[in-house]
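Residue numbers (UniProt numbering): 1 to 117.
To start, the structure itself, in structure tokens.
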């Protein structure tokens with residue numbers, strides 16, 4: 001059994017093109033050290049992989065196509081740091097981040113539940 005490996009979109013696209021140009025899947029298995037099932041799934045998702053590799057929004061070195069479902073997470077984390085920095089009586093510590101994270105996390109759950117109802 002091959003060890004776990006993650007290929008970038010560029011590597012996946014290169015492998016798909018080699019197979020399209022005539023390389024057999026079993027040769028790709030030996031060359032890249034992946035299972036035949038993995039290579040077959042790359043071939044099935046070939047169009048998505050090609051779009052991702054050629055997209056200007058996605059880094060071609062990226063390994064996964066999945067995006068975060070909540071786009072406001074960065075804003076929430078930024079607000080945690082701003083809130084902590086504005087509290088002059090407490091120094092910036094990991095404990096403070098944990099406390100603030102729990103506060104925002106709790107409110108985030110409430111907002112998510114309201115949106116899903």
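C-beta atoms are modelled at their ideal positions from N, C-alpha and C, and glycine is treated no differently.
* Length of the line joining the Cα atoms of residue 48 and residue 28 -> In this structure, the alpha-carbon of residue 48 lies about 20 Å from that of residue 28.
* Asked: Expressed to the nearest angstrom, what Euclidean distance is found between the alpha-carbon atoms of residue 82 and residue 76?
  -> 10 Å
* **From 52, 79 and 37, residue whose alpha carbon lies closest to that of residue 11** => 52
* **Nearest candidate by alpha-carbon position, reference residue 41, set 13, 79 and 74** => 13
* Asked: According to the Cβ coordinates, are residue 19 and residue 25 closer than 8 Å?
  -> yes
* What residue does the alpha helix (DSSP H) around residue 54 start on, and which one ends it? -> 46-54
* For residue 6, the three-state DSSP class (helix, strand or coil) -> coil
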